[in-house]
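**Student:** In this note's numbering, each number is its position in the sequence shown, counted from 1, plus 277. Here a beta-carbon is modelled for each residue, glycine too, at the ideal position from N, C-alpha and C. Here's a structure for you.
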Amino acid sequence: MTTINKIERILKKVEHDCLQSGLRLTKKRRNVLQILLQEQEPLSAYDIVERYKITMAESLSAMSVYRMLDFLLAAGLVHKLETTNQYLACSHIICEHQHQIPQFLICDQCHKVEEVGLCKQLLDELKASIENTGFSLLSQQLELHGLCAHCKKQE
Ligand SMILES: [Zn+2]
Ligand SMILES: [Zn+2]
Ligand SMILES: [Zn+2]
278 MTTINKIERI LKKVEHDCLQ SGLRLTKKRR NVLQILLQEQ EPLSAYDIVE
328 RYKITMAESL SAMSVYRMLD FLLAAGLVHK LETTNQYLAC SHIICEHQHQ
378 IPQFLICDQC HKVEEVGLCK QLLDELKASI ENTGFSLLSQ QLELHGLCAH
428 CKKQE
């Protein structure tokens, strides 16, 4: 969904921010982020190995892709969908506003994922009523499956 110009801008900002905060954005880490930015769909680590081979003409092991993803996850540049074990670039990298815990709307037909920020009060209430049952919530990341507006229209 991201245009080439926008991807360039995002990568420039990431390079700048990493330099400022002393994070080591290696060329390979940057390339993995670029691949995720270019995709419309979330990718598994193995998908990334494939894309990397095609677009960067270099073979990486899945192990090293996982390590690069760990770096990008820790830096908040990439998110992981726990329900599908896939990764996607954060859609708020160049935003100035504060990033909340991301929630994801996943289209089961075209596999497009929308990153949304649900209101904090709603999440706190959800957390409270879940914990009332005695269950401890380890993550507040919601992954909701359904049909996107586009696919719903095609129905
Ligand atoms: Zn995000
Ligand atoms: Zn934003
Ligand atoms: Zn869809």
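#1: According to DSSP, is Phe348 part of a helix, a strand, or is it coil?
#2: Please report the residue range of the alpha helix (DSSP H) in which Leu358 lies.
#3: In whole angstroms, what separates the C-alpha of Leu395 from that of Pro379?
#4: Taking a contact to mean a Cβ-Cβ separation below 8 angstroms, would you say Gln483 touches Cys428 in this structure?
#5: Since Gln380 is in the beta strand (DSSP E), which residue starts that stretch and which ends it?
#6: Give me the pocket residues for ligand 4, defined as CB within less than 7 angstroms of any heavy atom, sorted by chain position.
#7: Going straight from the alpha carbon of Cys372 to that of Leu320, what length do you get?
#8: Put Glu420 into one of helix, strand or coil per three-state DSSP.
#9: Give the secondary structure of Gln363 by DSSP, where H, G and I count as helix, E and B as strand, and everything else as coil.
#10: Using only alpha-carbon positions, find the residue among Ile281, Asn409, Gln418 and Cys295 that is nearest to Gln311.
#11: Looking at the unbroken beta strand (DSSP E) that takes in Glu392, where does it start and where does it end?
#12: Quick check on Leu414: does DSSP put it in helix, strand or coil?
#13: In whole angstroms, what is the alpha-carbon distance linking Leu313 and Ala405?
#14: Determine the burial state of Val291: buried for a count of at least 16 other Cβ atoms within 10 Å of its Cβ, exposed for fewer.
#15: Please state the DSSP three-state secondary structure of Leu337.
#16: Measure from the alpha carbon of Val309 to the alpha carbon of each residue in His422, Leu349, Phe381 and His356, then state which is nearest.
**Tutor:** Result, derived from the coordinates:
#1: helix
#2: Leu358 -> not in any alpha helix (DSSP H); beta strand (DSSP E) instead, spanning Val355 to Leu358.
#3: Those two C-alpha atoms are separated by around 8 angstroms.
#4: Given that the chain is displayed from residue 278 to residue 432, the structure contains no residue 483 and the question cannot be resolved.
#5: Gln380 to Cys384
#6: No copy of ligand 4 occurs in the structure displayed; its ligands are ligand 1, ligand 2 and ligand 3 alone.
#7: 23 angstroms
#8: strand
#9: strand
#10: Ile281
#11: Val390 to Val393
#12: It is coil, neither helix nor strand.
#13: 34 angstroms
#14: buried
#15: Under the three-state reduction of DSSP, Leu337 is assigned to coil, being neither helix nor strand.
#16: Leu349
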